[in-house]
Structures are given as C-alpha cells and as structure tokens.
Amino acid sequence: MTMVTINGRQVQVEEGATLLDAARTAGVHIPTLCHHPCLPAHATCRMCLVEVAGAPDPQPACRTPAQEGAVVDTDTEALQAFRRTDAAWLLARHPDDCLRCEIDGACQLQTLVRENQWRDLWPKLPAGEPGSPEDDFTDHTSPGIWRDLAKCIECGLCADVCGEAVQQQFIIGFAGRGGDRRPVTVFEAPLGETGCISCGQCTLVCPVGALIEAPHWHEVLHTLDGRRRASVVQVAPATRIAISEEFGLRPGTVSTGRMINALRQLGFDHVFDTNFAADLTIMEEGTELLARLRAGAGLPLFTSCCPGWVNWVEINRPDLLPHLSTTKSPQQMHGAIAKRSVFARALGPDFAAGRAEPYVVSVMPCTAKKDEALRPGLSGDVDHVLTTRELARMIRSRGIAFGALSEEGRFDSPLGESTGAAQIFGASGGVMEAMVRTAAHLAGVEESLPLEWEALRGVRNGIKTATLPGIGMVAVCNGIAAAQRLLEGEGWREDFVAIEVMACVGGCLGGGGEPKSMDPQILQKRAAAIYAVDAKAPRRRSYENRDVQALYASELGAPNSPAAHHLLHTHYAGRGSRRALLMRFLDCVDRRDGAAAANLFEPGGIWSTAAEFGDIQGADAIAAFIDNTLPPRRYGAAFKRHQMASAARTEDLTVLTPDGGRCRFELALVAGAGGDAPRARIAHLTRTVL
Ligand code: SF4
Ligand code: SF4
Ligand code: SF4
Ligand code: FES
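The numbering of the sequence shown is the working numbering, which starts it at 906 and goes up by one.
What follows is the structure, given as structure tokens:
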C-alpha cells in the first residue's frame, strides 16, 4: 500500500494507483474530461492538474502514479485559474447548443461549467448564427452514429476505443495540430462511407455531445403523443438492467417491472419482450446448426444476431458470409412477428385486410441495431430503434419518477413470454449457451449435458471455448477484436462447429447504446444480474417457451419450415457488391419507395423488366413507375418481399419473387458521383424470368 496526503488528508492506496485514485479514495473531487477508467490515460485535457510538493510543475492526476509520501494539493488558486483558462479555450470553439443537445444534462463539459458558474466564458451566439463557434463538420451519414465535431474537446477517447485499446477498427484517428486538432476518419470520409461497424463504443466514451447515437426518441414520443396508431414496443434483455443506472439505482439492479410501467405511461399499447424472439432465434438457429452438422456443410456456423459483427463480415470478409446463420436477430424477428403474424391480424379489420400495421419500436443496448432495422429485406419491420440512453431521455422528458415506479409489472401476451436462455443473450457467451441448451435437446443429448456452461461465461476474456459431447467444439469471441484474432489463422475452420461473435466487449450489456459508466466493474455487475434472472427463471430452455410453441403450432409449423424461413430468416451481401445493390433495389420496390430506388440508378439508367412494361429509362421514370404503376403496397401479413434464392452462393443474383416465381438479374454499373468517394450506380438492370 502507498500512503499519500491529499489536501491535508492522509490516504492509503494500492500499488499502481494514480493521484486521481488517491483523491477519490480521500473523497476529494478533481474535475476530469479526458479520463476513462477502462482506457489508457493520455492526459490531454489537463483539467485534472494538481500540485505535488517538490515537483516544478503541476501534474495530471489521472496519469501520475501515487508515490509513497506524496503531498498533493488539488484546489489552489493557481490551479483554479488554470482550469478556468483551460475551459475558456474549450468553450471558445463550442457551440451554444446545450438546450438542443442530445446529451444535455449528461455532458461532462456542461457539468464543469455549471459547477463553476463560468458564465462569462459561454459563447453568446447560438449555433447557426454568423460568427458562432460552429464547425461545418456535422456528419449524419451513418444510420447509427452522429458526429458533431464542433462539440469535440479532443480528449482522444473515441480514437482509443475504436483503435488499439478495444475494438481495433481504427476508423477514427487524430489529425491536425493546436486548434485544428480533431478526430477524423481516413481521408476525412463521412462515417457512413468508412468501414465503421456502428458498434457505438465511441459514443459510450465521448464525454460531450460530439459523438452520439442517431437520435430517434423525439419522433417516437411525438408518434405516441398523437395516439393515432396501435403501438408496440419490444425491449432487449440488457436494457432492463442497465436502465437502472440512468436513474441512480445501484448498478446491477433489475428494473424489468419499472421499465414496463414507464413504457405504458409513455403510451405504448403493447409492451413486449425481445426475449420472446430470442427464444425463437434459438429454435431456428439451433435447428439450422443441426441441419448443417448433418449435411456437413456451412460449418462452422457463425451467429448473426449482432449487427456490428454482420457489418464487419460484409465490409471486411464477405468470403465468410456463407458461414453466417441466416436466422434473423431477435429484434428483427420480433418486428416481423409483431407486424405480420396472427397478433397483427387480430388488431382489427384494416390490419387483417393488409391495409394497416402497428407502429413498432424496439429499445436496444445497441447503436448498430439502428442500421440493422434499415437493412434490405428487413427494413420496415421495426419503425424506430431506441438505445437504452434514449429511453431514459424519454422517461425524463415526461417527468416519470422511474425509481418510484412499482417493480411489479408483466410483459403483455402473446409476444411477452421468455425463458432464462433468452435473458442470457445479453451477455457474451449467452447466445451460444442458450443455443447449446436447445441444440442438445434437439440432438437428443440433453440428459448428458449441463445446463450452465461456465467456460462460455465471463465479460473480460477474449476467446472462450467448450467441447459439447455429441455436438462438437464451440467458440465465443468476446468483442470484435477477439473475432479478428480468431480469424487471423485458418484453424477455426476445422476446430469449431459454431462460433458466437458479439462486437462489443461483454456482449450487449457492454453495448454502445447502454448508459455511460465510469465504473470499471460495470460489465461484471450487469452480467451478474443477467445470470441471476436466468437462474431464477421457471423455464430456462428456449424450446420450453409456451408462446413460441403456440406460434409454431398456429402459424409457422416447425423450425426452419418454409413459413419460418419466410418470416424469420434473411440474406447477406458483401458491401458495395452487385448483390447488395440488387437487394437494396428490391427492398425499395417491395416498400414502394420510388425515390430511394431511383437514387440507386444513374440519371439515364434503364430497368428492363421482362414484363409487359418493357424497358423503363431514366431514374425519374423508374421512381414514377414504382410509385404509381405498381399495385399499392400491402401491409401486415399481406406484405410480401422478394428474397434471394441462395444464402450460400453470395454472388448469385437469382431471386424468388413475392408471387412465388423465380427470376435472375444482371447489373451493369457505373461509378457514381458520391462526393470524394465514388459510389457504384446502376446503368442497366436486366430481369430475366426463369
Ligand atoms: S461506431 Fe465503432 S467502429 Fe464506428 S467509429 Fe465508433 S467505435 Fe469505431
Ligand atoms: S469526439 Fe468525443 S471522444 Fe472523440 S475526441 Fe472529441 S470529445 Fe473526445
Ligand atoms: S454486441 Fe450487442 S450491443 Fe454490441 S453491436 Fe452487437 S448487438 Fe449491438
Ligand atoms: S482528466 Fe487528466 S488530463 Fe484530462
């Protein structure tokens, strides 16, 4: 132990502790901006400078080791004057945008200004006014992440978390010097045109509003306020635990009931559990695994419920796409079931006749789920995705006293029942453990296998493995960097039958949409809560879910049946490939979005329809044809999509049409004018009926 004196108080701290740790042990508050307990300390903001007896200059407390006998002052007049000057420099280029800022009330710079009442330092001109300190680099090109670099305080945490320290994606780095220093992407490309996988880890560590999730809660609140549409909300397992932290409850507190009651107060008509669909995912994915094992093809099977991981494969390793499970993620399954199953048809005559569908919102710990909901073949099944942080903003906005709500509260039926297996989806290793529980049952080896798989648990270990008698060896990659490591060699092809990858360390309970936390043990606390819910659950295997059994009996037949495939499975394509462009086009056609479809063509592009409509020439004519000539879009169960004929042959452009026919497409492309980064556009799309 090391003895240190902080502002006259003696404290003992562990070897290796910093002066910041020592001050916190002594109960002394030192302001910080660029410090995060889980990331390296670069000491860029200098807000935490302290005076150490005998040292010639003030030292950054966040990076200075506590030395035996050190005598430290944290609040001298000189230090306070320095912090004021430091803040003046930061605020001189910060827009006066707090009232509209998404993280108003949760911004560390704002907290600092408020605590110190530095009124005279605050710029008077709001963002948008001539002369206001505004950066023109506002980047809303990513469907999951927004950047507003005018608010950046250059702490460097985003570059750390996206780079070497955690995710190893290196999408964000630092460029420039002095006042021009800022986090940039390679060639300053808009985020949506980089290899960003939308994991949102950068939004989790940004201390201000420079990196945030693309916000949708305002639209959700306004839609609910109007009470014009039947509304449905589904909530992911990791949200019901972490949301407690937003309202000052102890980390690891399970708030399922409070959250359900808050969602009802916000105006949702039906409050459902994403875990219902997680059980359904397991039924489909477990069956898919056994089918691949029997066929000896497509192994190892990669899980596909993490859109950050799916993005990574599509961007970086399209050769792996045939290994991805075609089973939709729980979010998308739930959306499809809520909009297009017996539940939706029972909402009224318009719903049964295909003229209406419910408004579906999901609450996720994840920013990548926002772009998953826009994927071709999935889009429209979930209308809006909110992060856990956004749900907290909605609740605060309506003045709901979350902590005072009753913890008695149940999800609605029939899409609300779930098992313990679904609950553990929220933790790294949970999807695999849940799949093993059901696959063991389906393979007839359940009796010989344990229910709990400790080897697959843990929020800090990178790659976890277990051997399942009767099934084979499985692996869990905790975080995208672990997956990259596993895939560096070729051994994984032979060693494993199934591999779970979750892009965020810890799994979804460490997701980019979860509450920001400075607690280094936060993942362990959230995980302990998740496993406790599973341990107490009356049913702990997905096949035991009675609502899922009823859905198969009434509508889907059996797992992996044609009906199940139509509603619950999807396809993938390499980013920028012809198949990706075709899937996007067909998605626009299915949703009758002529403008978006036309945007995929060059202005003089041609669509040869191989139907009575002949060749349609020009992007405007294509838009008008989709909007005005095709029969109007149907909704609910009557909404049918085009589907790619093959999941395994990812270059194949054969398509199953909504009316059950088959056709093949060819695409001639030209480089389009998409700013500095040219994007391919369709010059000629040719359809051949098979
Ligand atoms: S979302 Fe993830 S991959 Fe994208 S910039 Fe942020 S940390 Fe990097
Ligand atoms: S964008 Fe946020 S996390 Fe990145 S350097 Fe700026 S303030 Fe820090
Ligand atoms: S691990 Fe979970 S939170 Fe993170 S990107 Fe994947 S699905 Fe989203
Ligand atoms: S918090 Fe120590 S230098 Fe920024």
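Backbone N, C-alpha and C fix where the C-beta goes; we use that ideal spot for every residue, glycine too.
Using 8 angstroms as the cut-off, classify the Cβ of residue i as near or not near the heavy atoms of ligand 2, replying yes or no.
| i | result |
| --- | --- |
| C939 | yes |
| R1052 | yes |
| K1233 | no |
| K1421 | no |
| L1473 | no |
| P1112 | yes |
Which class does residue i belong to by DSSP, given the choice of helix, strand or coil?
| i | result |
| --- | --- |
| A1588 | strand |
| E1460 | helix |
| L1004 | coil |
| R1597 | With the chain running from 906 to 1595 in the structure shown, residue 1597 is simply not present. |
| W994 | helix |
| L984 | helix |
| I1077 | coil |
| D1044 | strand |
| A1380 | strand |
| K1369 | strand |
| G1416 | coil |
| T1231 | coil |
| P1583 | In this prediction, P1583 scores a pLDDT of 46, lower than 50, which makes its location untrustworthy; the coordinate-derived value is nonetheless stated afterwards. It is coil, neither helix nor strand. |
| R1496 | coil |
| W1358 | coil |
| D1317 | coil |
| I911 | strand |
| I1050 | strand |
| T1128 | helix |
| Q964 | strand |
Please list the terminal residues of the continuous beta strand (DSSP E) segment that includes residue i.
| i | result |
| --- | --- |
| T1292 | H1289 to T1292 |
| R914 | R914 to V918 |
| R1087 | R1087 to V1089 |
| L1116 | L1116 to E1118 |
| Y1264 | Y1264 to M1269 |
| E1507 | F1506 to S1513 |
| M1407 | A1403 to M1407 |
Does the distance between the C-beta of residue i and the nearest non-hydrogen atom of ligand 3 fall short of 8 angstroms?
| i | result |
| --- | --- |
| M1337 | no |
| M1605 | Any question about residue 1605 goes unanswered here, given that the chain covers just 906 to 1595. |
| S1047 | no |
| S1103 | yes |
| T1272 | yes |
| P1212 | yes |
| G1416 | yes |
| C1382 | no |
What separation, rounded to the nearest whole angstrom, lies between the Cα atoms of residue i and residue j?
| i | j | result |
| --- | --- | --- |
| A1548 | E1193 | The residue asked about is misnamed: residue 1548 is Gln in this sequence, not Ala. Spanning the two alpha carbons is a distance of roughly 18 angstroms. |
| D1581 | E973 | In this predicted model, D1581 has a pLDDT of only 40, less than 50, meaning its place in the structure is not dependable enough to derive any value. |
| R1445 | I1435 | 13 angstroms |
| T1186 | G921 | 45 angstroms |
| P1583 | Y1477 | Model confidence at P1583 stands at a pLDDT of 46, short of 50, so the residue's coordinates are unreliable; what they give is reported in the following sentence. Taking the straight line from one Cα to the other gives about 22 angstroms. |
| R1245 | D1178 | 17 angstroms |
| V1266 | P1120 | 13 angstroms |
| E1460 | A1258 | 17 angstroms |
| D1276 | S1103 | 8 angstroms |
| H1175 | D1495 | 27 angstroms |
| V1287 | Q1237 | 7 angstroms |
| V1406 | E1093 | 29 angstroms |
| A1202 | V1140 | 35 angstroms |
| Q1074 | G1416 | 16 angstroms |
| A1576 | A1463 | 45 angstroms |
| Q1328 | E1098 | 34 angstroms |
| P1563 | A1326 | 34 angstroms |
| M1488 | G1282 | 7 angstroms |
Check whether the Cβ of residue i lies closer than 8 angstroms to any heavy atom of ligand 1, and answer yes or no.
| i | result |
| --- | --- |
| I1117 | no |
| V1066 | yes |
| L1672 | No statement about residue 1672 is possible, as the shown extent of the chain runs from 906 to 1595 and does not include it. |
I'd like the span of the alpha helix (DSSP H) that includes residue i, first residue to last.
| i | result |
| --- | --- |
| V1176 | Element bounds for V1176: not the alpha helix (DSSP H) but the beta strand (DSSP E), H1175 to D1178. |
| W1214 | P1212 to N1221 |
Under 8 angstroms: does the beta carbon of residue i sit that close to some heavy atom of ligand 4?
| i | result |
| --- | --- |
| C967 | yes |
| R1086 | no |
| C1012 | no |
Taking one C-beta from the segment 1146-1154 and one from the segment 1291-1299 each time, how about it: are there three or more such pairs within less than 8 angstroms? The way I'd put it, the segment 1146-1154 does touch the segment 1291-1299; three or more beta-carbon pairs between them come closer than 8 angstroms.
contact_flag[the segment 1111-1121, the segment 995-1010] where n(CB pairs < 8 angstroms) is 3 or more: Counting C-beta pairs closer than 8 angstroms gives three or more between the segment 1111-1121 and the segment 995-1010, which meets the contact rule.
Is the segment 1199-1207 in contact with the segment 1221-1231, if contact means three or more CB pairs nearer than 8 angstroms? Cβ pair count under 8 angstroms is three or more, so yes.
Determine contact between the segment 913-931 and the segment 1045-1054, defined as no fewer than three beta-carbon pairs at a distance below 8 angstroms. As far as the Cβ criterion goes, the segment 913-931 does not touch the segment 1045-1054, which means the pair count is below three.
Pairing CB atoms from the segment 1245-1255 with CB atoms from the segment 1479-1497, are three or more of them under 8 angstroms? No contact exists between the segment 1245-1255 and the segment 1479-1497.
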